[in-house]
Amino acid sequence: SAIRPPKPTIPKTLLNPNDESQVRKVEGKEIKFNNLSKLYWPEDKVTKRDMFNYYYAVADFILPYLKDRPLSLNRFPGGIHGQSFYQKDVKGKAPDWAKTFPYSTSDGEPKEYLVGDDVATLLWMNTLGCIEINPWFSRVSSPDNPDYCVIDLDPDKHHFDKVIEAALVVKKVLDSIDVPSFPKTSGSTGIHIYIPMGGKYDYDQSQLFARIIVGIVNKIIPKFTSLERMISARGGKMYLDFLQNRPGATIAGPYSLRPKPGATVSMPLEWDEVKPGLKMKDFTIFNAIERLKVKGDIFRGVLGKGIDLETAILKAKELYP
DNA sequence: GCTGTCC
DNA sequence: GGACAGCAACGCCGT
DNA sequence: ACGGCG
Ligand SMILES: [Mn+2]
Ligand SMILES: [Mn+2]
Numbered sequence: 013s014a015i016r017p018p019k020p021t022i023p024k025t026l027l028n029p030n031d032e033s034q035v036r037k038v039e040g041k042e043i044k045f046n047n048l049s050k051l052y053w054p055e056d057k058v059t060k061r062d063m064f065n066y067y068y069a070v071a072d073f074i075l076p077y078l079k080d081r082p083l084s085l086n087r088f089p090g091g092i093h094g095q096s097f098y099q100k101d102v103k104g105k106a107p108d109w110a111k112t113f114p115y116s117t118s119d120g121e122p123k124e125y126l127v128g129d130d131v132a133t134l135l136w137m138n139t140l141g142c143i144e145i146n147p148w149f150s151r152v153s154s155p156d157n158p159d160y161c162v163i164d165l166d167p168d169k170h171h172f173d174k175v176i177e178a179a180l181v182v183k184k185v186l187d188s189i190d191v192p193s194f195p196k197t198s199g200s201t202g203i204h205i206y207i208p209m210g211g212k213y214d215y216d217q218s219q220l221f222a223r224i225i226v227g228i229v230n231k232i233i234p235k236f237t238s239l240e241r242m243i244s245a246r247g248g249k250m251y252l253d254f255l256q257n258r259p260g261a262t263i264a265g266p267y268s269l270r271p272k273p274g275a276t277v278s279m280p281l282e283w284d285e286v287k288p289g290l291k292m293k294d295f296t297i298f299n300a301i302e303r304l305k306v307k308g309d310i311f312r313g314v315l316g317k318g319i320d321l322e323t324a325i326l327k328a329k330e331l332y333p
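According to this note's numbering, the first sequence is numbered sequentially starting from 13.
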């Protein structure tokens, strides 16, 4: 029979429930785990140890979405209510076995992103206080060509039910032009809708496509959605964020924990689950693993064959002149 | 959260 | 060992 | 040149 990738499995927990500091070899790579009883989500009594055990358990499911992607680190060393900060440059700081991706900022300083690879890299990133995972939309082998386009629904003050309503309009528009789409909760307030691009186009083209789609959606539901970047110009409406499709920009990836009360997870959904009654807190560190056991990874189409942009844009122009 | 420095 | 200080994004675009 | 934005 054909060789196929091994089915994802869920291992036993990595860390014992007692010791505050533990050292483990993960696939031959040594990682130190400290302050394991620190309450990262105090309201939910979820500790840093729980976070490591979660990511270790779901690693098989998450890693395809991290492998070969530069990672923006969003660090919460003091837990979800502590001071947080971003970090991109890990030059000279990552373990020697970790992969990195060189880049330079406008001032010309040579720097290096951490690059997603294996479970050791994932857990080392977690030791820095990275609760959530923010991977690029493209991989180092082709950094200018995203694997997917994202439509990011940012509700501001709107109820989650309105996000669901907007998501279903996005779905209807994409269906009408025969473009596949994959929704997930953000774990914070919104919904992310991914469209597979297959690395065939660049970020400008991907963003232009997202702009076309949200333009159509906004024409259908102008009363509560906006395309304005400036918050003050949105008039309290939900932001249909297409600008996130640009080099170096990120959103929390699938199965990522979020630094929010409830210890929510950015959870991939079936479209038939996107309906009134769906709640952000339906998916948390407490039930995500059980759901993965039952449903498996329902998001992999995102990394599959990309759409044909010319055909899709033509159909859109035809149907929505 | 980690590293290096200083006592 | 313990107490510290220092350090940890980025580019676009409107004004 | 600065600040808002994600
Ligand atoms: Mn968002
Ligand atoms: Mn956004």
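Where is the CB? At the ideal position from N, CA and C, for every residue including glycine.
Give a single yes or no on whether residue i has its beta carbon closer than 8 Å to a heavy atom of ligand 2.
i           : result
residue 256 : yes
residue 233 : no
residue 284 : no
residue 225 : no
For residue i, count neighbouring C-beta atoms within 10 Å of its own C-beta (all shown protein chains included) and say buried if the count is 16 or more, exposed if not.
i           : result
residue 98  : exposed
residue 15  : exposed
residue 243 : exposed
residue 270 : buried
residue 46  : exposed
residue 19  : exposed
residue 196 : buried
May I ask whether a heavy atom of ligand 1 can be found less than 8 Å away from the beta carbon of residue i?
i           : result
residue 56  : no
residue 202 : yes
residue 198 : yes
residue 263 : yes
residue 164 : yes
residue 253 : yes
Less than 9 Å separating the beta-carbons of residue i and residue j?
i           : j           : result
residue 299 : residue 161 : no
residue 119 : residue 253 : no
residue 77  : residue 100 : no
Nearest-angstrom Cα distance between residue i and residue j?
i           : j           : result
residue 233 : residue 183 : 13 Å
residue 65  : residue 43  : 14 Å
residue 55  : residue 295 : 16 Å
residue 174 : residue 198 : 15 Å
residue 327 : residue 189 : 6 Å
residue 324 : residue 191 : 7 Å
residue 89  : residue 83  : 17 Å
residue 94  : residue 61  : 17 Å
residue 129 : residue 313 : 20 Å
residue 41  : residue 227 : 48 Å
residue 275 : residue 260 : 26 Å
When you compare the stretch 279 to 298 with the stretch 237 to 254, are there three or more beta-carbon pairs, one atom per stretch, that lie closer than 8 Å? no
Please confirm if the stretch 261 to 268 is in contact with the stretch 139 to 153, defined as three or more CB-CB distances below 8 Å between the two stretches. yes
Can at least three beta-carbon pairs, one atom from the stretch 146 to 157 and one from the stretch 212 to 227, be found at a separation below 8 Å? yes
Please determine if the stretch 66 to 78 and the stretch 14 to 29 are in contact, where contact requires at least 3 C-beta pairs separated by less than 8 Å. yes
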